[in-house]
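In the numbering used here, the protein residues as written are 3 to 133. What follows is a set of notes on a single structure, which appears directly below.
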Amino acid sequence: MVISEEIKKCIVKVLDQTTQNGITWKPRKNIKHLKDRKKRGHIPQDWELRDYEGLILSILNDIDNETYIYYKRGFDQNYFVFGDGYWIVIIGENGVMETAFPPDNYNRYLLGEDRGYTYVGTIEEVRNSES
């Protein structure tokens, strides 16, 4: 898959929108996600939504983290995936949070275009390509 400049601009727009205005969740999904992460032992039991969102935003703000596009036939939009080597954050091109979690095997989860993930570059590389 060839990554167009238009898609890179959309990734930067989603990053800027989310880091500047906060995370946009689907209605009533923020607390559900928080509870799911606690139940699975991904985050401490005493974390509040602001702690979970802080983790997500720290991943989006680290320019060394990876960026992928996630798309499969039948999707109504692209999804942008940001990863730090342990956690992944998935946000739709509409700017709405899809999920954030640490997969059992980070590399295996993201490898292979047949799984729908295409590497774009680091956050810094994506931001610089837009200039």
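Glycine included, every Cβ here is placed at the ideal spot set by N, Cα and C.
- With contacts defined by Cβ atoms closer than 9 Å, LEU59 and ILE45 do not form a contacting pair.
- The region 65-74 makes contact with the region 85-95: 3 or more CB pairs, one atom from each, lie closer than 8 Å.
- Relative to LYS74, the option among THR26, GLU7, THR120 and ASN23 whose CA is nearest is THR120.
- For the region 44-123, the continuous beta strand (DSSP E) assignments of 3+ residues that do not extend past its boundaries occur at 68-72, 81-85, 90-94 and 99-103, in sequence order.
- Take the alpha-carbon of GLY118 and the one of LEU57: they are about 25 Å apart.
- As DSSP reads the structure, THR21 sits in no beta bridge.
- One Cα belongs to LEU113, the other to ASN107, and the distance between them is close to 10 Å.
- When rounded, the separation of the alpha-carbon atoms in GLY97 and THR20 is 7 Å.
- Counting only the Cα atoms, ILE61 lies some 23 Å from GLU7.
- Taken atom to atom, the span from the alpha-carbon of TYR81 to that of ARG42 is near 24 Å.
- For ILE33, the enclosing alpha helix (DSSP H) starts and ends at 31-41.
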